[in-house]
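According to UniProt numbering, the sequence shown is numbered sequentially starting from 1.
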Amino acid sequence: MSRTGLIFVSHSRKLAEGVKELLENMQPEAVTAACGGEEDGGIGTNPEVIQRGIESLEGCTEAVILTDLGSAWMNAEIASEISSIPVLLADAPLVEGGLAAVVEAGFGKDAAAVKEAAEKAWDMRKST
């Protein structure tokens, strides 16, 4: 059976950790990692930090990455290319897409289904 982990990538370590905290609270069955900031704690993203996040997903056979901004996506692509497990990148809003993703991952869905759910979050509205 596959188990899909989630990696939240942001230029800010605090933002990535906050998204992780919020979404784990909503779906504690999901396995997640927060990858934010540079090695020195500054603002930015780093493929090595993201790669360590992927490797930290205990018991996961595949992963989905959600990012905040363009260069985070580029660094996530680099990290995914050297990953020991299959990784998909979801073109989705970080929080809303992350919520859809943790729900699906927590229910044991594969990476393709988790990515699809995250990307559908572009249609989520806060109001009608």
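Where a beta carbon is used, it is the ideal one built from N, C-alpha and C, also for glycine.
For residue i, the residue or residues it bridges with in DSSP
{"i": "residue 5", "result": "31 and 63"}
{"i": "residue 18", "result": "DSSP lists no partner for residue 18."}
{"i": "residue 89", "result": "65"}
{"i": "residue 10", "result": "36"}
Residues near residue i in its chain [Cβ-Cβ closer than 7 Å; skip 5 each side]
{"i": "residue 17", "result": "34 and 36"}
{"i": "residue 45", "result": "9, 11, 71, 72 and 75"}
{"i": "residue 69", "result": "11"}
{"i": "residue 101", "result": "6, 64, 66, 90, 114, 117 and 118"}
{"i": "residue 59", "result": "3 and 31"}
Residues near residue i in its chain [Cβ-Cβ closer than 8 Å; skip 5 each side]
{"i": "residue 51", "result": "79, 82 and 83"}
{"i": "residue 13", "result": "34, 36, 37 and 41"}
{"i": "residue 39", "result": "46, 48 and 49"}
{"i": "residue 77", "result": "89"}
Residue i vs residue j beta-carbon contact at 9 Å
{"i": "residue 62", "j": "residue 28", "result": "no"}
{"i": "residue 66", "j": "residue 31", "result": "no"}
{"i": "residue 23", "j": "residue 95", "result": "yes"}
{"i": "residue 3", "j": "residue 108", "result": "yes"}
{"i": "residue 88", "j": "residue 105", "result": "no"}
Own chain, CB closer than 6 Å to residue i, minus 5 neighbours either side, in chain order
{"i": "residue 103", "result": "27"}
{"i": "residue 55", "result": "none"}
{"i": "residue 92", "result": "66, 118, 119 and 121"}
{"i": "residue 49", "result": "35"}
{"i": "residue 53", "result": "7, 33 and 35"}
Q) Do the segment 115-125 and the segment 43-59 touch if we need at least three Cβ pairs shorter than 8 Å? A) no
Q: Return the chain-ordered ranges of every beta strand (DSSP E) run that is complete within the segment 94-124 and spans a minimum of 3 residues.
A: none
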